[in-house]
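Visitor:
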Amino acid sequence: MLLFLQGASLGKDRVASAASPLIPRSNSNGAETGMQTRREAIRAIPLDKLSEEARAKADSVLSSISVFRRLPVKVIDCDPDMYLFLVRHPDVVVNIWELLDISKLRMRQTDDGKFTLTEPDGASVSLEFIYQSHDIHIIYGEGFYRGPLLARQVNGRGLMVLRSGYVRETNGRYYIANRLDCFINVEPIGAELLTKTVSPLVGKTADNNFLQSAVFLGSISRTAEVNCDGIKALALKLENVHPQTRLQLAMLAEEVKEKSSSVASRDGAAQRR
0 MLLFLQGASL GKDRVASAAS PLIPRSNSNG AETGMQTRRE AIRAIPLDKL SEEARAKADS
60 VLSSISVFRR LPVKVIDCDP DMYLFLVRHP DVVVNIWELL DISKLRMRQT DDGKFTLTEP
120 DGASVSLEFI YQSHDIHIIY GEGFYRGPLL ARQVNGRGLM VLRSGYVRET NGRYYIANRL
180 DCFINVEPIG AELLTKTVSP LVGKTADNNF LQSAVFLGSI SRTAEVNCDG IKALALKLEN
240 VHPQTRLQLA MLAEEVKEKS SSVASRDGAA QRR
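In numbering that gives the first Met the number 0, the protein residues as written are 0 to 272.
Printed below as a string of structure tokens:
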């Protein structure tokens, strides 16, 4: 459940121009769970770029996978810098959902790149970004579920690999393709129940949640273009994120508006020629 969620500070690698897309721009029709896809997904993980500690965490999941799922590709219209900020700060998105009363999830940042996520059903997970670049984010999580779907508490670990491909159209707008690979390792006593009972139930829900989350990122970016003041006002209301993070969101909204206005001005000038 929680380990299917897309988790992720604007830092050194702000995107200034389009990167070569790593994944197809068209949306895929469904999730993949097959063994061949799983092997390909594992081979594609840049394990050699991880620290020794991060590699050990990744291996603790990949050495015994209970559930694998490659979620459907989703392409969104989104400013790359806003996209990176929201991916790397999932607490911002969750706090917005809290304000809009559309989710009961609770997320708090505990350290740089580390978060805790809880839900009323009885699940709690700690998430950590163990690798990030402008096109790959790797998130490690560990936690437990104790609720109505299972008779006892089940502990587990998860690894999520988010790949992003960027394309800049001739009109200056960016389109970003998202693909998420999820690996889950559950303690043996709960693995059979998870794979045979729970996984089929939550699989399509996870797919839909991921797709809707991606769409939500795009909507924040587009809102910043046309209602920058609204996003800045929203940022001030995010009481469950760090003050510096709220400030970053407000500043980014201003930048997105300025970039959008610049593109619109160039388009207008080109049409008048």
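Just so you know, even glycine gets a beta-carbon here, dropped at the ideal spot from N, CA and C.
(1) How far does the alpha helix (DSSP H) with residue 74 in it extend, from its first residue to its last?
(2) Where does residue 156 land, buried or exposed, given buried means 16+ other C-beta within 10 angstroms?
(3) Beta-carbon within less than 8 Å of residue 90's beta-carbon, same chain only, minus the 5 sequence neighbours each way: which residues are those?
(4) Near residue 145, which residues of its chain fall below 6 Å by C-beta distance, leaving aside the five closest residues on each side in sequence?
(5) In the DSSP assignment, the alpha helix (DSSP H) including residue 108 goes from what residue to what residue?
(6) Could you tell me which residues DSSP puts in a beta bridge with residue 238?
(7) Is the Cβ-Cβ distance between residue 126 and residue 135 less than 7 Å?
(8) Between which residues of its own chain and residue 222 is the CB-CB distance below 8 Å, once the five residues before and five after are set aside?
(9) Taking the alpha-carbon positions, what's the residue 87 to residue 216 distance?
(10) Here's the rule: buried if 16 or more other CB atoms are within 10 angstroms of the residue's CB, otherwise exposed. What is residue 25?
(11) In or out: residue 93 buried (at least 16 other Cβ within 10 Å) or exposed?
(12) DSSP three-state call for residue 168: helix, strand or coil?
(13) Can you give the Cα-Cα distance for residue 102 and residue 252, rounded to whole angstroms?
(14) Can you grab the Cα-Cα spacing for the pair residue 21 / residue 50, in whole Å?
(15) What is the residue span of the beta strand (DSSP E) that residue 35 lies within?
Guide: Let me spell this out:
(1) No alpha helix (DSSP H) contains residue 74, which is instead part of the beta strand (DSSP E) from 73-76.
(2) Around the beta carbon of residue 156, 16 or more other beta carbons lie within 10 angstroms, which makes this residue buried.
(3) Excluding positions up to five away in sequence, the list reads 106, 107, 108, 114, 239, 240 and 244.
(4) Excluding sequence neighbours, residue 145 sits near 121 and 152.
(5) If you look at residue 108, you'll find it isn't in any alpha helix (DSSP H); it sits in the beta strand (DSSP E) that goes 105-110.
(6) Beta-bridge pairing links residue 238 to no other residue.
(7) The answer is no: Cβ separation not under 7 Å.
(8) Scanning its chain for C-beta atoms nearer than 8 Å, with the 5 sequence neighbours on each side dropped, one finds around residue 222 the residues 229 and 230, in chain order.
(9) In a straight line, the C-alpha of residue 87 is about 12 Å away from that of residue 216.
(10) For residue 25, the predicted model reports a pLDDT of 45, less than 50, meaning its position is unreliable; a value from the coordinates is still stated below. Exposed, by the Cβ-count rule.
(11) By the 10 Å Cβ count, residue 93 comes out buried.
(12) Three-state result, residue 168: coil.
(13) Taking C-alpha positions only, residue 102 is separated from residue 252 by approximately 23 Å.
(14) Confidence at residue 21 is low in this model, with a pLDDT of 48, below 50, so its placement is unreliable and no value can be given for it.
(15) Here residue 35 belongs to no beta strand (DSSP E); instead the alpha helix (DSSP H) covers 34-42.
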